[in-house]
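Residue numbers (UniProt numbering): 1 to 357. Structure record follows, encoded as structure tokens.
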Ligand SMILES: C[C@H](N)C(=O)N[C@H](CCC(=O)O)C(=O)O
Ligand SMILES: [Mg+2]
């Protein structure tokens, strides 16, 4: 199977409600889909969610990166996947979301060539996952209403977005916790919104109220590694690194310093499936568990992430793959099942995505 064509197309889909973090507000998903065709007509799908405030990428930079990398991919046999991946990562630095979209499509093709689902190509067996859902940052009453609604439709783990104001944030966490059944698990994500001392004061206050969240995600700026370590050493709530970890080297530095408890792996930050697997393997060597997370990713990218989670299910013990659940409707068809908190991989070959509507 020789690769003969690479095309991109926009995937636009409205969200059910605005997605609001301390970094940005988004009303509709706007991702870039990659469609790679082989000489026998087999098509591989990939997708990336440009997130300028985190990866520095836009739809336009993604298109430019993909067209730059095209000559290193077109004309290659899909059986030479390792060589193609080496080209993608060595011929162009950064541009991790563009690379991830290409990688997803290439792995889709490779698994289709072998006529097996991607998770099996990657060595996985697990096909069902439970995701959390994000509760956007807002007025406390609105966040409580959103949290109660999420619980009413079956979510038992909520990812609470905070980080615009440490005083307000502690009040929000306590009010949301008090309003929910006690068996609900809370994940907190400040998206870099605090200083280390603010985070420690806030978390200690929340902890004195009896609330130990599953983790606090990225409390301080991405490059504030010392701050992450200070927080980890001062509070009971485990610390999870998100924006601080793009590459294997980023993760190594944090793990060597014992600066965090967990790492959030996202395909769009690390550069795709091969890199996500390497990150999970590194974390496994350090005995550190990971979350498989997402940007505002649609069904193709989320399916790609699920296959990775299947392949490294011992290390990837937490799932934040609510990208499709946040959409007003699913713009693809295929046998991957996205049913609110329940995600199920298909047994079809490749990613299991049939078509884009
Ligand atoms: C959508 C997912 N649950 C999530 O919260 N992702 C954000 C990425 C932020 C973005 O797309 O702006 C995160 O983990 O920080
Ligand atoms: Mg995060």
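Using N, Cα and C, we set each Cβ at its ideal position, and we do this for glycine too. Since the structure is predicted, the reported quantities are computational estimates derived from the model, not experimental observations.
- Query: Helix, strand or coil for residue 193 per DSSP?
  - Reply: coil
- Between residue 139 and ligand 2, is the CB less than 7 angstroms from at least one heavy atom? no
- Return the CA-CA distance between residue 177 and residue 211, expressed in angstroms with no decimal places. As the crow flies, the alpha-carbon of residue 177 is around 8 angstroms from that of residue 211.
- Span of the alpha helix (DSSP H) around residue 263: It is not in any alpha helix (DSSP H) - residue 263 instead sits in the beta strand (DSSP E) that spans 262-265.
- Query: Just reading off the alpha helix (DSSP H) that residue 274 is part of, what are its end residues?
  - Reply: 273-286
- Three CB pairs or more closer than 8 angstroms across the stretch 20-34 and the stretch 177-195: yes
- Message: Can you list, in chain order, the residues of its chain with a C-beta nearer than 6 angstroms to that of residue 314? Leave out the 5 residues immediately preceding and following it.
- Response: none
- Message: So for residue 140, helix, strand or coil by DSSP?
- Response: helix
- Item | CB-CB length for residue 28 against residue 49, believed under 8 angstroms | The beta-carbon distance between residue 28 and residue 49, rounded to whole angstroms, is 12 angstroms. This is too long to meet the 8 angstroms contact definition.
- Task: Could you spell out where the alpha helix (DSSP H) holding residue 342 opens and where it closes?
- Result: Looking at the DSSP string, residue 342 is not in any alpha helix (DSSP H); the run it does join, the beta strand (DSSP E), is 342-344.
- Message: Out of 327, 6, 279 and 294, which one is the CA nearest neighbour of residue 97?
- Response: 294
- Query: Counting only runs that start and end within the stretch 6-75, where is the beta strand (DSSP E) found for 3 or more residues in a row?
  - Reply: 25-38 and 43-48
- Task: For my contact list, residue 356 and residue 331 are in at a C-beta cut-off of 8 angstroms; report their separation, rounded to the angstrom.
- Result: 6 angstroms
- Mind reading off the beta-carbon distance from residue 47 to residue 31? Whole number of angstroms is fine, and I expect it under 8 angstroms. 5 angstroms
- Message: I want to know whether the stretch 157-175 touches the stretch 127-136 - three or more CB-CB distances under 8 angstroms.
- Response: yes
- residue 225 to residue 255, Cα distance in whole Å? 11 angstroms
- By DSSP, does residue 187 sit in helix, in strand, or in coil? strand
- Going by DSSP, which residues form a beta bridge with residue 215? 187
- Label residue 16 either buried or exposed according to how many other C-beta atoms from any shown protein chain fall within 10 Å of its C-beta, with 16 as the threshold for buried. Residue environment for residue 16: exposed (fewer than 16 other C-beta atoms within 10 angstroms of its C-beta).
- Message: When you measure from the CB of residue 189 to every non-hydrogen atom of ligand 1, does any distance come out below 7 angstroms?
- Response: yes
- Quick one: is the Cβ of residue 294 within less than 7 angstroms of any heavy atom of ligand 3? What this structure holds is ligand 1 and ligand 2, not ligand 3.
- Any heavy atom of ligand 1 within a distance shorter than 7 angstroms of the CB on residue 312? no
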